[in-house]
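Peer 1:
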Amino acid sequence: MHLRWLRQAATFNDLTLDQDGEETLRLIRACGREAEFFEGDISDASQVERMFALYLQRFGRIDILTNNPYGGIGQGFLDLTEENWDLNLDVGLKGFFLCSQQAALAMVAQGSGGCIVSTSSVHGRRAWKGDTAYGAAKAGVIRLTESMAIDLGEHGIRCNAILPGHMDTTHVLGTTAPDVGSIDEELYNSVPLRRPGTPEDIGRAVAFLCSPAAGCITGVALAVDEGLLAAA
Numbered sequence: 670m671h672l673r674w675l676r677q678a679a680t681f682n683d684l685t686l687d688q689d690g691e692e693t694l695r696l697i698r699a700c701g702r703e704a705e706f707f708e709g710d711i712s713d714a715s716q717v718e719r720m721f722a723l724y725l726q727r728f729g730r731i732d733i734l735t736n737n738p739y740g741g742i743g744q745g746f747l748d749l750t751e752e753n754w755d756l757n758l759d760v761g762l763k764g765f766f767l768c769s770q771q772a773a774l775a776m777v778a779q780g781s782g783g784c785i786v787s788t789s790s791v792h793g794r795r796a797w798k799g800d801t802a803y804g805a806a807k808a809g810v811i812r813l814t815e816s817m818a819i820d821l822g823e824h825g826i827r828c829n830a831i832l833p834g835h836m837d838t839t840h841v842l843g844t845t846a847p848d849v850g851s852i853d854e855e856l857y858n859s860v861p862l863r864r865p866g867t868p869e870d871i872g873r874a875v876a877f878l879c880s881p882a883a884g885c886i887t888g889v890a891l892a893v894d895e896g897l898l899a900a901a
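In my numbering, the protein residues as written are 670 to 901.
See the structure below:
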């Protein structure tokens, strides 16, 4: 999603726990775009505030924020640990709130509106076995997005969410290893379009929501899910 978006974006910052940030930065710059990498814990308010301060010091303004972190692993309800619950909610919901608030404060101060797009999931609309904490976090992202859209609309800030479905992540950042995010034929055939989603699909949806073509769209949870929810 990041590389697709950067074909149109002027600057990019990755607020992440991922240790591969420097490689992401290299790939972004290879696309001919200006970029910086700011590493930190997005569940820590002081670190998020510091990262946004550094970003604004470097670039001067913020017009678009995309929230796209992931934390935790799937566990069934009876096996779910407090540690995994906290990781899912801290990174997958609290982190969205903290980053969105800092971005919105900057956008309001700038006085020219802005866009915030957050990655939720079809798990935020429908429950699957083993997704207790992850699903709770993703449902929270949808509700948070709707509340933000109401509160920030008067400032010209549009807030929307993306709901990916079955994603084939084997092409993320050029990775082609068959054991990374591979989805088997049976899973392909379980959705109407008979194919998985790709990072490029998500990137195009984000680019649309941040474009003038979506100027009247806010508070929406857009499913980019190969028809999964429609067929559920």
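Glycine included, each C-beta is placed from N, C-alpha and C at the ideal position.
Go to Glu752, then tell me how far its alpha helix (DSSP H) extends in each direction, as first and last residue.
Peer 2: Unbroken alpha helix (DSSP H) run through Glu752: 751–758.
Peer 1: On the DSSP bridge assignment, give the partners of Ala892 in chain order.
Peer 2: Paired residue(s): Leu832.
Peer 1: What number of angstroms, rounded off, separates the C-alpha of Ile711 from the C-alpha of Ser816?
Peer 2: Rounded to the nearest angstrom, the two C-alpha atoms are 20 angstroms apart.
Peer 1: Assuming His835 contacts Leu897 (C-beta within less than 8 angstroms), just tell me the rounded distance between them.
Peer 2: That pair is a contact at about 7 angstroms.
Peer 1: Whole angstroms is fine: what's the gap from Cys902's alpha carbon to Gly888's?
Peer 2: Lying outside 670 to 901, the shown extent of the chain, residue 902 is not represented and no answer is given.
Peer 1: Indicate the three-state DSSP secondary structure (helix, strand or coil) for Thr867 in the structure shown.
Peer 2: The answer is coil: DSSP assigns Thr867 none of H, G, I, E or B.
Peer 1: So, with DSSP's three-state summary, where would you put Pro847?
Peer 2: Unreliable placement is indicated for Pro847, whose pLDDT of 43 sits below 50; no coordinate value is reported for it.
Peer 1: Within 10 Å of its beta-carbon, does Asn757 have 16 or more other beta-carbons around it, so buried, or fewer, so exposed?
Peer 2: When all chains shown are included, Asn757 counts as buried.
Peer 1: Looking at the strands, I want to know which residues DSSP matches up with Val786.
Peer 2: Looking at the DSSP assignment, Val786 forms a beta bridge with Thr735, Asn829.
Peer 1: For the structure I just gave you, are there three or more beta carbon pairs, one from the stretch 792–810 and one from the stretch 864–882, closer than 8 angstroms?
Peer 2: The stretch 792–810, when compared against the stretch 864–882, does not touch it at the 8 angstroms Cβ threshold.
Peer 1: Let's test the definition: count the other Cβ atoms within 10 Å of the Cβ of Asn736 and tell me whether it reaches 16, buried, or not, exposed.
Peer 2: Burial call: buried.
Peer 1: What do you get for Gln771, buried or exposed, if any count of 16 or more other CB atoms within 10 angstroms of its CB means buried?
Peer 2: Flag for Gln771 reads buried.
Peer 1: Does the beta-carbon of Val875, which I'm using as the reference point, lie nearer than 7 angstroms to any heavy atom of the ligand SAH?
Peer 2: By its list of ligands, the structure shown contains no ligand whatsoever, and the ligand SAH lies outside what it can speak to.
Peer 1: For Asn753, which residues of its own chain have a beta-carbon under 7 angstroms away from its beta-carbon, when the five flanking residues on both sides are left out?
Peer 2: Contacts found: Gly741, Ile742, Gln744, Ala802.
Peer 1: Return the Cβ separation of Ile785 and Ala773 in integer angstroms, given the expectation that the two are a contact with Cβ distance under 8 angstroms.
Peer 2: Correct: roughly 7 angstroms between the Cβ atoms.
Peer 1: Who does Gln771 pair with in a DSSP beta bridge?
Peer 2: According to DSSP, which records beta bridges pairwise, Gln771 is partnered with nothing at all.
Peer 1: Grouping DSSP H, G and I as helix and E and B as strand, with all else coil, what is Asp748?
Peer 2: Coil, per DSSP.
Peer 1: Between which residues of its own chain and Leu903 is the CB-CB distance below 7 angstroms, once the five residues before and five after are set aside?
Peer 2: Lying before the first or after the last residue shown, residue 903 is absent from the chain, which here runs from 670 to 901.
Peer 1: Could you tell me which residues DSSP puts in a beta bridge with Asp713?
Peer 2: In DSSP, Asp713 forms no bridge with anything.
Peer 1: Rounded to whole angstroms, what is the Cα-Cα separation between Arg719 and Ile697?
Peer 2: If I take the Cα positions, the gap works out to 23 angstroms.
Peer 1: With burial defined as no fewer than 16 other Cβ atoms inside 10 Å of the residue's Cβ, what is the status of Val893: buried or exposed?
Peer 2: So Val893 counts as buried.
Peer 1: Please identify the residue among Ala796, Cys885, Leu821 whose C-alpha is closest to the C-alpha of Ser769.
Peer 2: Nearest C-alpha to Ser769: Leu821.
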